[in-house]
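Visitor: Using the working numbering, you'd call the opening residue of the sequence shown number 1186 and step up by one each time.
Here you go, one structure.
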Amino acid sequence: MTENEEKGKYDYSFDYISKKLEGKKDSYGMLMKEIIRTGICTECGTCAAVCPVLEWDHLMGQPKLTGKCTGCGICYNQCPRTITDPIELMGEFKTGYVANTNIPEVIGGQDGGTVVSLLCYLFDEHLIDAAIVTMKDPNKPWYPAAQIITSKEDAIKSAGSIYAHSQTVESLMDAIREDYRSIAFVGTPCNIDAVEKMMSSPAGMLKYFMRAHVLKIGLFCMDSFSPETLYTRFESDGIDLSKIVKMDINKGKFHLYQELNGEPVKSYTIRSLHKYKSSSCNFCVDLTAENADISVGSVGSGPNKNTVFARSGIGAEIIEDAAKKGYLTIEPFDAINLNAVLFLGKLKKVSQYNIQKRKVFIVKDQPSEESARIESGPVSEKAKSAFGTRRALSVVKALNEKEKILKLTITNTVGFTLEDLKVRFALIDDVFEKNPWMTTIKELFPYETLEIGYPVEILEGAVLIEASTEEHGKIFSRSVKFAPEEKK
Ligand SMILES: Cc1cc2nc3c(=O)[nH]c(=O)nc-3n(C[C@H](O)[C@H](O)[C@H](O)COP(=O)(O)OP(=O)(O)OC[C@H]3O[C@@H](n4cnc5c(N)ncnc54)[C@H](O)[C@@H]3O)c2cc1C
Ligand code: SF4
Ligand code: SF4
Ligand code: SF4
C-alpha cells in the first residue's frame, strides 16, 4: 500500500459525512419535535415556504400539514434553528477510527480498552511521565476518585467507566505542581473544556501550562449521575455495590454486572434514572469531547470496540503509532457508524431546548372534594373554532406498579398559553367515576408539561381526563387505559 493510500484509509472526509446526512430522512415530525414543540421556532415561515404540503397556520403561529409528508427533509434542513452541520454536531477532527485493544489484560474492560491501551503505549514510549485517571474510591464503592498515576500497571487498574463527576482537574493541577512535565489527562467533555479554558485564557493559569504539556483524552459522554442518590436507589433494589464489577450505559439502558463477561444482574432504562442525573448534564451540549486531542466513546462501533476521533496532529500520530506498535487494532473511519454518532450528538445538542420549560409536578395525595367538576359533554364549539382539528393537550401515561401511581404527562400542544386551565381526573369504574380530583393551573405555556402522579388502587383500568379554560370552555376530554407492563 502506498503512503497516500495508507493515509487515505484513515482520512476524515467531509463529503462522506455530508452524504450520510443527505441520506437521512429528517422529516416534518423531527421539525415538530425538536423545534416547534420545544418553543424555539422563530416563526420565519421557511418550512411552509419550501414545501407544497405545508402552510403557515396564523392562528397557531406554526406550520400545518395540508397533505402527505414524503419525508424529504427539506423543511428540516432549511429551518434556521435545526443543527444539520456535522461539524456542529461532533466538532472538528482530523481522522476517525474504530479501535480495540490488543493487550490481553485490558480486554474485557469498558468497551474496546482504547483509553487504557493508549496510556500503556504512552508510558512504554516515555512520552508521558504521569496520567490523570479516575479510579474507584477504595473506601466508597463506585465513587469516583481522580488520581495521578505514573505507571502502565496503574493505567490498567484504571479501566472502566464511573458515571459520576470526577474532580480530575484538581489532580491535574497537583501533578503540574509536583513537577510532572508531560501528562495525559483523561476526562469527560466538561473536564476537557476546563483544561482547554485554562490552557487558553489569561486568568493566571497559563503559567502552569508552560511547565507541562497536557495531552487531552476525552471520553464521549451523554450524562452522569449523582452517586449519592443513584447508588441509594441501587441499594434499595437489593444491589450490593461492592459486588458490582462493571457499570455500562448502552442503547438507553444502564446495566450493572457482577462478572465482566456475564449478563447484567440488573438493568434500568435511562429514562427511569433521569431524576438521579446530575443537573449540570442537562445543560451540556458536547457528546464527543470536541476540545480533546483524542476523543473515545462506544457509540458508533460494535461491542468491545471504540469510536475514536483524532482531533489534533499529535492525537492522530499517537493513535496510529500505538496501532503500528501493536497496542491497538484500528479500522478506518468508514467502519464508524456515523449516523449513530450524529444521532446521539444531535440528541444532546437539542436536549437543552427543553430545559427552560417549566414542568409542574403534582402528586395527588389528599381525597378531593366531590364538587370538583368540569362541565360534562364534548369539547366546546369555542374550543373547536380556536383549535380546529388539533388536540389542545397531549397525554402520555406511565404506570409505576410498585408505588401504584399512574404518571400522566400532559402537554399544552396549542401554540399559545392556556390560562386558568382546570384539569380534572377520575377513575372510571364501569360507568361510575371514582376518586375525582381537579387542579387549576394559572398559565400553561405552549409545550409546557404538567406531570401528575395519580394514585391508583387497582393496577388496571381507565382514567378520565378533562380540561377546560375560562376562555374556551371545555377543551379536552379523553379516557386513558392503563395496565401492568406484562398485560400490554
Ligand atoms: C460519565 C460518563 C458517561 C459516558 N457516556 C457515554 C455515552 O453516552 N456514549 C459513549 O459512547 N460513551 C460514553 N462514555 C465513554 C465510555 O463509557 C468509555 O469511557 C469510552 O468508550 C472509552 O472506553 P474504553 O474501553 O477505551 O475505556 P477504558 O480503556 O476502560 O478506560 C476508561 C478510562 O476512563 C476513565 N474514567 C472512568 N470514569 C471516569 C469519570 N467519571 N471521569 C473521568 N474519567 C473517567 C478511567 O480513568 C479510564 O482511564 C461515558 C463515560 C463516562 C465516564
Ligand atoms: S414533504 Fe418534505 S418539506 Fe414537506 S413536510 Fe414533509 S419533510 Fe417537510
Ligand atoms: S423554518 Fe424553523 S424556525 Fe422557521 S417557521 Fe419553520 S420551524 Fe419555525
Ligand atoms: S453530560 Fe456534560 S456535564 Fe455531564 S458529565 Fe458529561 S460532559 Fe460533563
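Cβ coordinates follow ideal geometry from the N, Cα and C atoms, glycine included.
Any chance you could list the residues with Cβ under 6 Å from a heavy atom of ligand 3, keeping chain order?
Guide: LEU1216, ILE1220, ILE1221, CYS1226, THR1227, GLU1228, CYS1229, GLY1230, THR1231, CYS1232, PRO1248, CYS1264, PRO1265 and ARG1266
Visitor: What residue range does the beta strand (DSSP E) around VAL1484 cover?
Guide: To locate residue 1484, count along the sequence shown from 1; it is residue 299. Premise fails: VAL1484 is in no beta strand (DSSP E) and is neither H nor E.
Visitor: State the Cα-Cα distance for the pair SER1536 and SER1351, rounded to the nearest angstrom.
Guide: In the sequence shown, the residue the question calls residue 1536 occupies position 351. In the sequence shown, the residue the question calls residue 1351 occupies position 166. Taking the straight line from one Cα to the other gives about 23 Å.
Visitor: Who are the Cβ neighbours of THR1299 in its own chain at under 8 Å, not counting the five residues just before and after it?
Guide: On the sequence shown, position 114 is the one that residue 1299 refers to. Once the five neighbours on either side are set aside, the close Cβ partners of THR1299 are ALA1284, ASN1285, THR1286, VAL1481, ASN1491, VAL1493 and LEU1513.
Visitor: Just the Cα atoms here: how many angstroms apart are GLU1555 and TRP1622?
Guide: On the sequence shown, residue 1555 is found 370 positions in, with the first residue counted as 1. On the sequence shown, residue 1622 is found 437 positions in, with the first residue counted as 1. At GLU1555, the pLDDT of 49 sits below 50, so the modelled position is not reliable and the matter cannot be decided from this model.
Visitor: Spell out a yes or no on whether the region 1627-1637 and the region 1593-1611 are touching, meaning 3 or more CB-CB pairs, one atom from each, closer than 8 Å.
Guide: yes
Visitor: My understanding is that ILE1479 touches LEU1250, with C-beta atoms under 8 Å, so please give their C-beta distance in whole angstroms.
Guide: Counted from its first residue, the sequence shown places residue 1479 at position 294. Counted from its first residue, the sequence shown places residue 1250 at position 65. Contact flag wrong, Cβ pair sits at about 45 Å.
Visitor: Would the beta-carbon of CYS1466 be found less than 7 Å away from any heavy atom of ligand 2?
Guide: Sequence index remark: in the sequence shown, residue 1466 carries index 281 (1-based). A distance criterion of 7 Å places the beta-carbon of CYS1466 beyond contact range of ligand 2, judged by its closest non-hydrogen atom.
Visitor: Should LYS1534 go down as buried or exposed, given a rule of 16 or more other Cβ atoms within 10 Å for buried?
Guide: Here the question's residue 1534 lines up with position 349 in the sequence shown. Buried.
Visitor: Check whether the region 1642-1649 and the region 1232-1249 are in contact - that is, three or more C-beta pairs closer than 8 Å.
Guide: Below 8 Å, too few C-beta pairs join the region 1642-1649 and the region 1232-1249 to call them touching: fewer than three.
Visitor: Identify whether ALA1344 lies in helix, strand or coil by the three-state DSSP scheme.
Guide: As a working mapping, residue 1344 is identified with position 159 in the sequence shown. If DSSP states are grouped into helix, strand and coil, ALA1344 belongs with coil.
Visitor: I need the DSSP call for TYR1453, collapsed to helix, strand or coil.
Guide: Residue mapping note: residue 1453 aligns to position 268 of the sequence shown, counting from 1. Residue state, collapsed to three classes: strand.
Visitor: Can you tell me whether MET1186 is buried or exposed, with buried defined as 16 or more other CB within 10 angstroms of its CB?
Guide: Along the sequence shown, read from residue 1 onward, the residue named residue 1186 stands at position 1. Model confidence at MET1186 stands at a pLDDT of 47, short of 50, so the residue's coordinates are unreliable; what they give is reported in the following sentence. Result: exposed.
Visitor: Based on DSSP bridge pairs, tell me the residues matched to HIS1440.
Guide: Taking the sequence shown and counting its residues from 1, one reaches residue 1440 at position 255. DSSP output for HIS1440 lists ASP1433 and SER1452 as bridge partner(s).
Visitor: Does the pairing of the region 1416-1433 with the region 1445-1452 give three or more beta-carbon distances under 8 Å?
Guide: yes
Visitor: Roughly how many whole angstroms lie between the Cα atoms of LEU1527 and THR1269?
Guide: As a first step, residue 1527 is located in the sequence shown; it is residue number 342 there, counting from the start. As a first step, residue 1269 is located in the sequence shown; it is residue number 84 there, counting from the start. When rounded, the distance between both Cα atoms is 9 Å.
Visitor: Just verifying my parser: in three-state terms, what is the DSSP assignment at ASP1614?
Guide: Stepping through the sequence shown from its first residue, residue 1614 is reached at position 429. It is a strand residue.
Visitor: DSSP state of GLN1332, grouped into three classes?
Guide: For the purposes of this step, residue 1332 is taken as the residue at position 147 of the sequence shown. Looking at GLN1332 - three-state DSSP - the assignment turns out to be strand.
Visitor: Within a Cβ cutoff of 8 Å, which residues of the same chain sit near ILE1521, ignoring the five residues on either side of it in sequence?
Guide: Mapped onto the sequence shown, residue 1521 falls at position 336. For ILE1521, the CB contacts under 8 Å within the same chain, skipping 5 residues up- and downstream, are GLY1281, TYR1282, VAL1283, GLY1485, SER1486 and THR1492 in chain order.
Visitor: Can you name the residues that DSSP bridges to TYR1639?
Guide: The residue given as residue 1639 occupies position 454 in the sequence shown. Note: TYR1639 sits in a beta bridge opposite LEU1591.
Visitor: Taking ALA1349 and SER1409 to be in contact with their CB atoms under 8 Å, please state how far apart those CB atoms are, rounded to whole angstroms.
Guide: Here the question's residue 1349 lines up with position 164 in the sequence shown. Here the question's residue 1409 lines up with position 224 in the sequence shown. Contact flag correct, Cβ pair sits at about 5 Å.
Visitor: Over what stretch of residues does the beta strand (DSSP E) that includes GLU1370 continue unbroken?
Guide: Residue 1370 sits at position 185 when you count from the first residue of the sequence shown. According to the sequence displayed, residue 1370 carries Phe and not Glu. Residues 1367-1372.
Visitor: Just checking my contact of PRO1326 with SER1427 at CB under 8 Å: how many whole Å lie between their CB atoms?
Guide: Locating residue 1326 in the sequence shown gives position 141, where the first residue counts as 1. Locating residue 1427 in the sequence shown gives position 242, where the first residue counts as 1. 5 Å between Cβ atoms; contact.
Visitor: Would you mind reading off the limits of the alpha helix (DSSP H) that contains ARG1362?
Guide: Along the sequence shown, read from residue 1 onward, the residue named residue 1362 stands at position 177. That run of the alpha helix (DSSP H) goes 1353-1362.
Visitor: Check the DSSP bridge columns for THR1492 and list the partner residues they point to.
Guide: Along the sequence shown, one-based indexing puts residue 1492 at 307. Per DSSP, VAL1283 and GLY1482.
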